[in-house]
Amino acid sequence: MRKMGIVALAALAVAALAGTAAALASKQDSTTISGAGSTFVAPLVAQWTQPLSQAYGFELQYSGIGSGGGIAAITSRTVDFGASDAPLSPDQFAACKDCAQIPWALSATSVIYNLDGVKSLLHMNGSVLARIFMGSITKWSDPAIRKLNPGVVLPDEAISIVHRSDNSGTTYNFTDYLASVSTQWKSKYGTGVAVDWPTGSGGRGSSGVAALVAQTPGAIGYVDVAYTLQNHLKYFTMRNRSGRYTTPGLKGILAAASSDQKPAKDNSLSIVDPPKKYAAAYPISTFTYVIVPLETSKAAELRKFLFWAVTKGQAYGPRLLFQPIPKPVLVVAEQTIKRIHPSA
Amino acid sequence: MSAVEAPFEPARRPLSGRRVRVGDRALELVTASAATAALVLVALIAWKLVAGALPSLDRFGIGFIWRVAWDPTVSKLYGAGSFLFGTAVTSLAALALAAPLALGIALYLTELAPPFLRGPVTALVETLAAVPSVVIGLWGILVLGPALRDHVEPVLHRTLGFLPLFGAPNAASSSFFTAIVVLAIMILPIVSSVSRELFLSVPRELKEGALALGTTRWEMIRGVVFPYARGGIAAALILGLGRAVGEAIAVTQVIGGGVAVHANLFATGDTLASKIAASYQGATSDLEIGSLVYLALILMAFSLLVNLSAQLIVRRISRRGPA
């Protein structure tokens, strides 16, 4: 239902935009900051609209049109910022001309299942999960799964794989994890918002995946974490590199994000399967990004807005299961924001 | 009109003729520009589609149409083959399923049903057309899909399993078959309400004449109603087919996705429309977006082809005239 909520929010946002368009026309144009992109981060951005208007008098307009649309919109400069769940590819960076991406929100993906008579929080690890999704483990009673769950009676049932049929940041996060724990997955299917799945059925949106899993006995799927908790689905605890089994809660996400991995030169930052010493880390966590032009006529406003978003704005996250971004990432984000300058 | 106006506006009479002509001119202008606007719109859409598909057109050329591939991550190869196949299979099968039902409903409502039933049943069938496709899709996932998987697919597989069409059922409830049934439900009201109107337009004298000659009801329907409405029925079926070809949301919800051409109706796949609906929002690379727009271009050409052939069929059938 979360995805539907987002759609409803987006629809509301559009209606609100249409309604306020006339009012805005009379206002100073420079106080409007427009953005487009990721639907995943849309509920968080929606939370920011009111406080931003109070703090700076900014009118924040965001359309959740999907990450790809957001990248296209900022590339053609029809908006002031774009938002994407997957980091830009080198080609996209080149096309966007002098753009920077900044990690500005943090969440995770959970792996759900439907097994009658088996409790929630079964144990799972990366290599077994990758083998399941590649179709080489086909039964719940497979020794590999049994070995992770001593003392649990697993039925001799076929595993039905459910994945997203639409492109999504959740799929990016999930395949990023599979690729980092399985070289075979990496070379054959790779990491992306959609991949050429070896097997399984697709559901549209998190709600579609959850529905398919819910009425398919023996099914396994993945959805974004807020969705799992709101809908009381059964989900796995994932074994991280320290050997601990962790749940996809705020604590696990924070632990994964506070690993000392530095953002790459382009600010992209993959935090799946973090090193051993982060014992509490949930291994399928992810950042999502805002994409801005470094040279813009609205430099001052954009800087104010982004500083606010990565600091005060983060406080609106936990309710929606977005963990506030950790200090080292915040530092990098602020450094990048400072580079935004007015056009000559 | 002037006869009525004359007593009230005698002074303006000389002008009134010209005024009417001005009005006619204005009407012509307004309607002509409306018609042109429609044309311009189609042309603009087509132009925009070609422009948007350029990255993919450049890279893959015409071979895109039959290549079976969609891999945005590793090989970065795209093609429309499996989606064209999916569109053709689901829409034709849905039509085959819906057509007899729809004609049956229309016949019952016009010829056989007791009068007190006709109103309510007609209203009910037409309500079906008003159900939003996203709702039908949701019902498809939650109710229809599991029901088909548990009760219909195993039976078909057991009895007709020797046909490759009815292979092993998919454990998850999404499949071509679910999509076909959902589409059949969606096109049923259009086909049945258009055919009902057609059957109503068959002159009463013809029908009564046939009955008076001692034909049974079925003979009358076969000999009078069907031949009279032939062209219209073909048009109604094509209308239904057009709807099935273009339906995206409900199909995306129940078809399960995937890139493969297979005979098994119980496996998953995608249609052109469902693939566009599923992937466009989150597409990230230029090549993938271009390829999706290329799919849209193919879908538009496909629909145009269906429409044109429909008009040809209708014209040919009606030229033969009622028997």
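The listed protein sequences correspond, in order, to chains A and B.
Take the first sequence: its letters are residues 3 to 346, numbered as in this note's numbering.
Take the second sequence: its letters are residues 33 to 355, numbered as in this note's numbering.
All C-beta atoms, glycine included, are put in the ideal place defined by N, C-alpha and C.
Using a Cβ-Cβ cut-off of 9 Å, A/K190 is close to V106 of chain B, given in chain order. When C-alpha distances from B/V166 are compared across B/A128, B/P87 and B/L215, the shortest belongs to B/L215.
Using a Cβ distance threshold of 9 Å, A/Y237 and A/S112 count as a contacting pair. With a 10 Å radius around the Cβ and a threshold of 16 neighbouring Cβ atoms, A/V274 comes out buried. With 16 or more other CB atoms across the displayed protein chains lying within 10 angstroms of its CB, A/R166 is buried. In the DSSP assignment, B/E279 falls outside any beta strand (DSSP E) and carries neither an H nor an E. Contacts with chain A (Cβ-Cβ distance below 7 Å) from the stretch 164-194 of chain B involve I173, L174 and P178, listed in chain order. Under the Cβ distance rule, A/Q52 does not count among the residues neighbouring chain B, no pair being separated by less than 9 Å.
Residues of the stretch 201-214 of chain B that bring their beta carbon within less than 9 Å of a beta carbon in chain A comprise N202, A203, A204, S205, S206 and S207, in sequence order. Nearest neighbour of B/K80 by Cα position, chosen from B/Y326, B/A69 and B/T142, turns out to be B/Y326. For the pair B/Q285 and B/L129, the CB atoms are not nearer than the 9 Å cut-off. Judged by beta-carbon spacing, B/G93 lies beyond the 9 Å limit of B/G111, meaning their Cβ atoms are not closer than that value. In the DSSP assignment, A/T34 falls outside any alpha helix (DSSP H) and within the unbroken beta strand (DSSP E) covering T34 to G39. Residue environment analysis places B/E251 among the exposed positions, since fewer than 16 neighbouring C-beta atoms fall within 10 angstroms of its C-beta. In this model, B/I308 and B/G274 are separated by some 17 Å (Cα to Cα). With fewer than 16 other Cβ atoms inside 10 Å of its own Cβ, B/G193 counts as exposed. Annotation for A/T239: no alpha helix (DSSP H) segment contains it, though the beta strand (DSSP E) segment containing it runs T239 to R241. Assigned with DSSP and collapsed to three states, B/W79 falls in helix. When the five nearest sequence neighbours on each side are left out, the beta carbons in the same chain lying within less than 8 Å of the beta carbon of B/R99 are those of F92, L109, Y110, G111, A112 and G113, in order along the chain.
In this model, B/T122 and B/F298 are separated by some 12 Å (Cα to Cα). For A/A283, no beta strand (DSSP E) encloses it, and the DSSP letter there is neither H nor E.
Nearest CB-CB separation between B/A85 and chain A: not below the 9 Å threshold.
Collapsing the DSSP output to three states places B/R236 in a helix.
Its chain contains P200 as the residues whose beta carbon lies nearer than 6 Å to that of A/M136, once the 5 sequence neighbours on both sides are disregarded; these appear in chain order. Contacts between B/D103 and chain A, judged by CB atoms closer than 8 Å, involve V197 and D198 in chain order.
Chain A places a beta carbon closer than 9 Å to that of B/S317, counting this residue as a contact. Here A/T33 is actually not in contact with A/G68; their C-beta atoms are around 27 Å apart, not less than 8 Å. Under the DSSP assignment, A/S109 falls in the beta strand (DSSP E) whose first and last residues are C101 to Y115. Contact annotation: the stretch 215-235 of chain A does not touch the stretch 187-200 of chain A, with fewer than three C-beta pairs closer than 8 Å. Between B/S205 and B/P178, the gap from beta carbon to beta carbon is short of 9 Å.
Taking a 10 Å sphere around the C-beta of B/T105, we find 16 or more other C-beta atoms and assign the residue as buried. Beta-bridge annotation (DSSP): A/I293 is paired with A/G84 and A/Q103. Classified as exposed, A/K99 has fewer than 16 neighbouring CB atoms from the shown chains inside 10 Å of its CB. A Cβ of chain B is located within less than 9 Å of the beta carbon of A/H165.
In the three-state reduction of the DSSP assignment, A/H234 falls in the coil class.
Identification of residues in the stretch 72-84 of chain A having a C-beta nearer than 9 Å to some C-beta of chain B yields I73 and A74, given in sequence order.
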